[in-house]
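Working notes, structure below.
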Amino acid sequence: TEARLAKISTELLQDVIPEIVKFQENFDGEEMEPTVLPVKFPLLLVNGTSGIAVGLSSNMPPHNIGEVIDATVQLIDDPNTIVEDLSEYVKGPDFPTGGVIVNGRAMRLFNSTGKGPIILRAKLEVKEPTESRDEATIIVHEIPYLTNKSNLMEELHDLISSKKIRGLVDARDLSKNKIRIEIDIHEDYSHEKSIRVIISQLYKHSQLEKTFYAKNIAFARGRPLLLNLKRALTIFLEHREHVVKKTVKHNLNKALMRLNILEGLYIALQNIDEVIELIKKSDDRQAAQEKLIKRFSLNEAQAKAILSMQLARLARMEVEAILNEKEELEAKAEEYRDILAHKEKRMQIIKKELEEIKEKFGDERRTTITDDADIPVDADIYQMLHDRHLLITTTQQGYVRSIEIDKFRTQRRGGKGMTAVTLRENDSLNDILVTLNKSTLLLITENGLVHSTPAFEIPEAKRRNARGSPWKTVLPVDSAVVKMVPVERDSFDKGLFLFFVTARGKVKKTKLSAFSNVRKTGIIGIRLEAGDKVVNSFVTNGDDHIYLATKFGLMAHFPEKEVRPMGRATRGVTGMRFKTPNDIIIGGLTVPESEMKDSSILTITERGYGKRTACDKYRFTHRGARGVIDIKTEERNGNVASVLVVPKKPTKENSVSILNNLGISIRTRIETIREISRNTKGVKIMSTKPNERIVFATIIDLSEEDIES
């Protein structure tokens with residue numbers, strides 16, 4: 002295989018000599034190689050790089066050489082320039098494949114921190130239908146960086162064949178010298194609104210949109226460093242100044258050596274006849290050298306220079322030429338000394354080099370940057386969806402799954418159940434939710450972050466007992482999703498609240514409107530103390546009744562008004578204290594005042610026992626109290642696994658789905674679980690073996706055709 006270096010490579014290799022850069026043995030010790038290249042421009046930023054080491058990884062995007070040089074020159078002119086001002090020159094990364102960076106506002110943050118996500122989209126053009134052609138066509142002119150075109154085409158064909166995106170007909174790769182991919186749209190969807198929806202879905206489900214997770218880690222100053230824009234340029238200038246200094250020293254030494262030789266030649270010319278005679282009478286070269294040194298007070302280098310010249314050439318040399326060269330070299334030597342003595346002069350040399358490189362190699366930016374990072378595509382995909390009720394599950398190890406609700410049948414109370422979801426070893430279910438596919442899901446992680454996604458974007462499983470997909474294929478969640486809160490799209494501005502409950506008894510509520518536009522990477526919902534985690538979250542209206550249940554069977558009941566609204570990034574207040582140190586909150590409930598008389602609380606224990614108790618049977622204990630006994634958690638029952646709000650007078654349509662640690666689930670009618678007082682043992686709801694325990698339960702409302710007798 003042969004390769005030819007680009008012209009700009011000469012700027013990397015120009016000063017690669019041992020006097021300027023340090024050399025070391027290569028991997029097998031047979032050759033020497035430079036430890037660093039004396040580059041004349043910030044190559045690491047311009048070229049980008051990626052790599053993985055022990056415990057470290059780096060992923061630096063490429064930048065526009067002209068922009069980087071402009072920022073470097075600005076830093077030379079004013080070393081106190083702040084990184085925000087440097088961002089006026091370097092707008093963001095510039096990828097060789099072009100594309101569009103859509104989170105433009107985040108680029109300033111990336112320049113300041115040296116890390117962050119870069120959302121890159123393909124550059125598209127829409128060819129509208131014509132009189133002769135009813136179909137619209139989406140033309141892809143540029144694709145995101147590091148996107149394999151063959152894989153992209155395979156993705157597009159899969160989307161077409163699976164009909165995951167409605168309206169796609171065909172995709173063709175017509176690329177030659179430039180990228181050109183044509184995607185045909187069915188004539189029924191070839192109007193502006195549907196095209197916007199389709200483009201939005203193409204970005205979501207194919208590599209036409211990619212996130213480049215940038216992390217500018219480089220080995221500098223003897224250790225790995227995270228480099229923001231200013232730090233990277235500063236380190237480059239330090240390196241380049243060091244190279245310039247060594248180059249000037251090298252040139253000074255060469256000039257001084259040449260001056261030394263010229264002085265010897267000048268002496269020889271002044272005494273040319275005697276020098277020639279002395280050389281002729283010498284027995285050998287060594288004898289001639291010693292005689293020259295002794296007779297004319299020359300040094301060894303001068304004597305060797307005289308002897309290395311032919312006598313005829315030495316005789317023809319002119320004194321004036323030597324004096325002129327000597328004068329030029331003395332001026333250069335003085336200039337070199339001046340450069341070595343003054344940093345400003347060295348920086349001006351670097352500045353001149355940079356400007357010359359920009360003149361020779363500068364080019365136009367290829368990647369467009371927009372400020373639409375937090376602006377969703379306004380195409381309304383909901384109008385293209387048919388209403389479907391989905392059962393969505395999420396597990397502790399980060400798996401999520403969506404399935405149509407009618408794939409589960411109802412069983413009688415005390416049944417053994419059937420496999421609802423396949424769990425990995427040591428995995429457990431965190432939440433089960435039944436919701437409309439058009440709902441917005443607020444995803445609450447145990448670390449207190451809130452993510453958001455439409456329910457229809459959760460991957461649907463083909464089998465009822467499928468494990469599901471990793472959350473990372475949907476959203477970059479930071480920890481396990483413990484609660485999925487469904488919210489109708491028009492509910493965010495209705496004065497509602499998002500309520501949080503933690504294992505150590507903290508509670509907090511924040512206006513639901515604060516979560517109406519959650520970025521892809523999530524936002525803080527609640528700050529947690531060390532060792533604490535979120536166990537539940539739900540929507541309230543401001544004057545609900547709040548119930549907190551512990552694993553040892555206690556229940557606290559207080560009005561929501563005792564919890565004042567707080568901002569997102571706050572810790573909350575104490576909701577419940579514990580009688581025993583190792584007790585924790587396992588669940589929280591909300592009941593509107595208007596529903597108190599018609600609601601009960603269903604408590605289910607780990608061994609499959611449970612009971613219903615009217616909500617008004619739990620007296621007010623106020624926020625921060627220790628609560629009252631809800632259910633006895635002796636050996637037969639085990640600890641409390643789940644608490645739910647259910648109708649006081651349930652109908653046949655009301656059922657509960659219960660899941661054990663092996664993924665076995667039953668769905669039973671709530672009316673078969675009798676209502677009794679609190680501080681009782683309850684009745685058997687689901688049979689469990691010694692190695693089984695109930696881990697989760699949720700309410701499911703059934704239609705008549707769902708119910709099996």
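Every number in this note's numbering is 1 more than the matching position in the sequence shown, counting from 1. All C-beta atoms in this analysis are idealised placements derived from N, C-alpha and C, irrespective of residue type, glycine included. Remember, predicted model here, so these are calculated numbers, not experimental data.
- Pairwise C-beta distances place the region 528-538 out of contact with the region 625-634, as fewer than three of them are shorter than 8 Å.
- Annotated as distal: T50 and T98, with beta-carbon spacing of 9 Å or more.
- Using a 10 angstroms sphere on the CB of A137, the tally of other CB atoms reaches 16 or more, which defines it as buried.
- Scanning its chain for C-beta atoms nearer than 7 Å, with the 5 sequence neighbours on each side dropped, one finds around E607 the residues G639, N640, A642, R694 and I695, in chain order.
- When the alpha-carbon of N104 is set against those of K521, Q271, N438 and R222, the nearest one is in K521.
- Here F28 carries a coil assignment [DSSP, helix/strand/coil].
- According to DSSP, residue pairing for P118 in a beta bridge involves Y214.
- A Cβ-Cβ separation of about 7 Å places K41 in contact with R241 under the 8 Å criterion.
- L529 places its beta carbon 9 Å or farther from that of A515.
- DSSP places N300 outside both helix and strand once states are collapsed to three, so it counts as coil.
- The beta carbon of N229 sits closer than 8 Å to those of V84, N112, S113, T114, G115 and N217, all from its chain and outside the five residues before and after it, given in chain order.
- Beta-bridge annotation (DSSP): K484 is paired with I445.
- When DSSP assignments are scanned along the region 145-218, the uninterrupted stretches of beta strand (DSSP E) that are 3 or more residues long and fall wholly within it turn out to be 169-174, 182-186 and 210-216.
- For the options G526, L87 and I186, the alpha carbon positioned closest to that of P130 is the one of I186.
- With respect to the 9 Å criterion, I686 and V647 are not classified as neighbours on the basis of their beta carbons.
- When C-beta atoms of the region 431-440 are compared with those of the region 391-398, three or more pairs fall below 8 Å, so the two segments count as touching.
- As a beta-bridge residue in DSSP terms, G611 pairs with I605 and V684.
- For D16, no alpha helix (DSSP H) segment is defined, and its DSSP state is neither H nor E.
- If the five residues before and after A172 are omitted, its C-beta is found closer than 8 Å to the C-beta atoms of M154, L157, H158, I161, I182, E183, I184 and D185, all from its own chain and listed in chain order.
- Annotated as distal: V276 and L257, with beta-carbon spacing of 9 Å or more.
- Under the three-state reduction of DSSP, A550 is assigned to strand.
- The shortest C-alpha to C-alpha distance from K23 to any of D29, M33 and Q15 is the one to M33.
- Excluding the 5 residues flanking it on each side, L87 has same chain C-beta neighbours closer than 8 Å at A72, Q75, L76, N112, L230, K231 and L234, in chain order.
- For N252, the CB contacts under 8 Å within the same chain, skipping 5 residues up- and downstream, are K333 and Y337 in chain order.
- Under the three-state reduction of DSSP, T235 is assigned to helix.
- The continuous stretches of beta strand (DSSP E) do not include T522, and DSSP gives it neither H nor E.
- Taking C-alpha positions only, G589 is separated from G611 by approximately 17 Å.
- When the beta-carbon positions are compared, T396 and N431 come within less than 9 Å of each other.
- Taking all protein chains in view, the Cβ of G30 is surrounded by fewer than 16 other Cβ atoms within 10 Å, so the residue is classified as exposed.
- In this structure Q287 is exposed. Its beta-carbon is surrounded by fewer than 16 other beta-carbon atoms within 10 angstroms.
- If you look at D432, you'll find it in the beta strand (DSSP E) that goes L430 to L437.
- Among the bridge pairs identified by DSSP, M61 is matched with T50.
- Rounded to whole angstroms, the Cβ separation of I445 and V451 is 6 Å, and the two are in contact under 8 Å.
- By alpha-carbon distance to A467, the top candidate from H142, V401, E354 and V488 is V401.
- In chain order, M154 and I182 place their CB closer than 6 Å to the CB of D174, counting only its own chain and leaving out the 5 sequence neighbours on each side.
- R122 and V486 have their C-alpha atoms some 30 Å from each other.
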